[in-house]
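Some notes on the structure that comes next.
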Amino acid sequence: MGPLLVGDQPLPHSPEAECAVLSCLLQDPAATMDLIFGRLETGESMYMPANRRLFEVMREMRTDMPADQIDIIAVGDRLERRGQLQDIGGIDFIRNVYSRVPTVANVENYVAIVQNNWVLRKMIATCSDIVGRCYEAEDEVEDLVDDIEKNILSITKMQSDNESKTLKEVLPEALHFLQRLSQKDPSMMGLRTGYPQLDGLITGLKGGDMFVLAARPSIGKTTFAMNLLRNVAIINEVPVGFFSLEMDARQVVIRLICSEAKVDIRAIRDGKLTNAEWNGNIMEACDRLNRATIIIDDTPQISSLELRQKARRMYTEHGIKCLAIDYLQLMKASGNNATTSREQEVAKMSGDIKALARELDVPIIILAQLNRAAETTGQPKISNLRESGAIEQDADVVALLHRDRETDSEEAKQRVMEGKGIESSLIIAKNRNGATGIVDLIFYPPWTLFDTPDRIDDADVPV
Numbered sequence: 000m001g002p003l004l005v006g007d008q009p010l011p012h013s014p015e016a017e018c019a020v021l022s023c024l025l026q027d028p029a030a031t032m033d034l035i036f037g038r039l040e041t042g043e044s045m046y047m048p049a050n051r052r053l054f055e056v057m058r059e060m061r062t063d064m065p066a067d068q069i070d071i072i073a074v075g076d077r078l079e080r081r082g083q084l085q086d087i088g089g090i091d092f093i094r095n096v097y098s099r100v101p102t103v104a105n106v107e108n109y110v111a112i113v114q115n116n117w118v119l120r121k122m123i124a125t126c127s128d129i130v131g132r133c134y135e136a137e138d139e140v141e142d143l144v145d146d147i148e149k150n151i152l153s154i155t156k157m158q159s160d161n162e163s164k165t166l167k168e169v170l171p172e173a174l175h176f177l178q179r180l181s182q183k184d185p186s187m188m189g190l191r192t193g194y195p196q197l198d199g200l201i202t203g204l205k206g207g208d209m210f211v212l213a214a215r216p217s218i219g220k221t222t223f224a225m226n227l228l229r230n231v232a233i234i235n236e237v238p239v240g241f242f243s244l245e246m247d248a249r250q251v252v253i254r255l256i257c258s259e260a261k262v263d264i265r266a267i268r269d270g271k272l273t274n275a276e277w278n279g280n281i282m283e284a285c286d287r288l289n290r291a292t293i294i295i296d297d298t299p300q301i302s303s304l305e306l307r308q309k310a311r312r313m314y315t316e317h318g319i320k321c322l323a324i325d326y327l328q329l330m331k332a333s334g335n336n337a338t339t340s341r342e343q344e345v346a347k348m349s350g351d352i353k354a355l356a357r358e359l360d361v362p363i364i365i366l367a368q369l370n371r372a373a374e375t376t377g378q379p380k381i382s383n384l385r386e387s388g389a390i391e392q393d394a395d396v397v398a399l400l401h402r403d404r405e406t407d408s409e410e411a412k413q414r415v416m417e418g419k420g421i422e423s424s425l426i427i428a429k430n431r432n433g434a435t436g437i438v439d440l441i442f443y444p445p446w447t448l449f450d451t452p453d454r455i456d457d458a459d460v461p462v
């Protein structure tokens, strides 16, 4: 049967986009289900009958079986047991749908097309009903206007994820939050970072927060982020995720081992490590790290869309409680809009990351570069964030890693050779829910390690 018509016009629909959405569901249900079923709430969103049937059965399967068990065979079996498989074209139809798109990278675009067509169909149906009722004029005009408003509002809700709330509705929740906060309820504290001064300023890394860590090149922001993530995983005993756009997974793990063991990578490379150091420092460090759950994704030049999909999968499969991204300016924007400036792209990616933090309710540590002006102004400023002021606006915390130029002197290099640390600082330039300030740090370049004078001793950390 052909598409329904209004006058001589078919109702808005896109069989290709509908099949693309279903293809993404079949290819990677764990990563795409929340997004798709969150925005396409009913089978009515699919116009073609076979697509609608397939969508509805997968939506149902989501509630009674793990996402990783939903595949072509399982979906076909569910439809076969209901006597509906041949109605949609058999198992070959499902296989054909599966192969419609090469990857799930553009799932949000496909969902947007299907959702827009669904809304347009709903508007056409609503407007047609309104026209008919206006001609019939059986209702009082005031009642008719009221019904029209309700119908239009129901359509706007189809494109809105969050409902507005009154002050009266939120007030009890806010008061309860403040009471728990004043009583120093441990559950109100964020994840401990392993840096007491930092925890004192920001009260830990909190779910939904975007923590921007920025620095000039070669200051050590990747090292500090990895130290921070290691501490979060081990001290809080929670899974964490790390997107490394600059180094591959092996390089990341080598750095983690060296900082955990407090050994110089050059000593390993030059064959100067003793058996005792291998069997002691290195193996003990590996044992401690092996007990931490750190999920690493080393996809280079990952797009904002792909990163969000993979982060959702980390969350559903591993239950990550914190995420770090190294770093923002290495990401690429989703889509290919030649008229969009790089500043606009970075602003969009920054907003996407903040939205992801709120969606997953986990803190996200996002690394960012400072612009060249930071090299001439001495201590970096929040205005030095490169390529977009939107980063500052989106961030809940902005931390600027810094060390004085004098630390690059020959004397400082000699201290490094002697295994002594370099004085550094972490400037908390923005803290949406607390005070700003400076965290004192000691940097040990050979170990790729940032320490602090009042750090938590290893003996106090559960392993």
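In numbering that gives the first Met the number 0, the protein residues as written are 0 to 462. Backbone N, C-alpha and C fix where the C-beta goes; we use that ideal spot for every residue, glycine too.
With 16 other CB atoms within 10 Å as the buried threshold, where does residue i fall?
i: Trp277; result: exposed
i: Leu170; result: exposed
i: Ile87; result: buried
i: Met64; result: exposed
i: Val23; result: Inspection of the sequence shows that residue 23 is occupied by Cys rather than by Val. Classification for Cys23: buried.
i: Lys167; result: exposed
i: His175; result: exposed
i: Arg229; result: buried
i: Pro452; result: exposed
i: Ser340; result: exposed
i: Asn274; result: exposed
i: Asp457; result: Since pLDDT at Asp457 reaches only 43, below the 50 mark, its modelled position is unreliable, and the value read off the structure follows with that caveat. The residue is exposed, with fewer than 16 neighbouring Cβ atoms inside 10 Å.
i: Phe449; result: buried
i: Arg311; result: buried
i: Arg81; result: exposed
i: Met282; result: exposed
i: Asn432; result: exposed
i: Pro28; result: buried
i: Gly1; result: For Gly1, the predicted model reports a pLDDT of 43, less than 50, meaning its position is unreliable; a value from the coordinates is still stated below. Its Cβ having fewer than 16 others within 10 Å, Gly1 is exposed.
i: Gln182; result: exposed
i: Pro299; result: exposed
i: Val130; result: exposed
i: Ala346; result: buried
i: Gln368; result: buried
In the DSSP assignment, what residue or residues form a beta bridge with residue i?
i: Asn430; result: Val396
i: Phe223; result: DSSP lists no partner for Phe223.
i: Met209; result: Ile363
i: Leu88; result: Correcting the residue identity first, residue 88 is Gly in this sequence and not Leu. Bridge partners of Gly88: none, in fact.
i: Asp198; result: Beta-bridge pairing links Asp198 to no other residue.
i: Lys331; result: Ser302
i: Ala214; result: Gln368
i: Ser423; result: Leu440
i: Ala266; result: None; Ala266 has no bridge partner.
i: Gly240; result: Ile294, Leu322
i: His401; result: Ser424
i: Phe449; result: Phe442
i: Leu204; result: Leu190
i: Leu384; result: Leu369
Looking at residue i: is its Cβ nearer than 8 Å to the Cβ of residue j?
i: Lys320; j: Pro445; result: no
i: Thr192; j: Gly206; result: no
i: Asp325; j: Ala224; result: yes
i: Glu245; j: Leu329; result: yes
i: Ser303; j: Ala332; result: yes
i: Asn430; j: Ile201; result: yes
i: Val251; j: Asn280; result: no
i: Val438; j: Ile427; result: yes
i: Ile71; j: Leu21; result: no
i: Ile218; j: Leu400; result: yes
i: Thr222; j: Leu366; result: no
i: Leu53; j: Val100; result: no
i: Val74; j: Ile93; result: yes
i: Ile295; j: Ser243; result: yes
i: Gly350; j: Asp395; result: no
i: Ala49; j: Thr315; result: no
Out of the options, point me to the one whose CA is closest to residue i's CA.
i: Leu327; options: Glu344, Ala66, Asp128; result: Glu344
i: Ile364; options: Met32, Asp208, Ile201, Ala428; result: Asp208
i: Gly436; options: Val361, Leu197, Ser349; result: Leu197
i: Tyr109; options: Phe36, Gln8, Ala29; result: Phe36
i: Pro379; options: Ala398, Gln8, Pro362; result: Ala398
i: Val231; options: Arg357, Ile441, Pro195; result: Pro195
i: Leu440; options: Ala434, Thr447, Ser424; result: Ser424
i: Ala359; options: Asn226, Ile381, His317, Ile390; result: Just to set this straight, residue 359 is Leu in the shown sequence, not Ala. Of the candidates Asn226, Ile381, His317, Ile390, the one whose C-alpha sits nearest the C-alpha of Leu359 is His317.
The stretch 8–27 / the stretch 45–52 touching (three or more Cβ pairs under 8 Å): yes
Stretch-stretch touch, CB-based, cutoff 8 Å, three pairs: the stretch 100–119 with the stretch 15–25: yes
Three or more C-beta pairs below 8 Å linking the stretch 279–298 and the stretch 246–263: yes
Validate contact between the stretch 304–312 and the stretch 206–226 using beta carbons, cut 8 Å, 3 pairs: no
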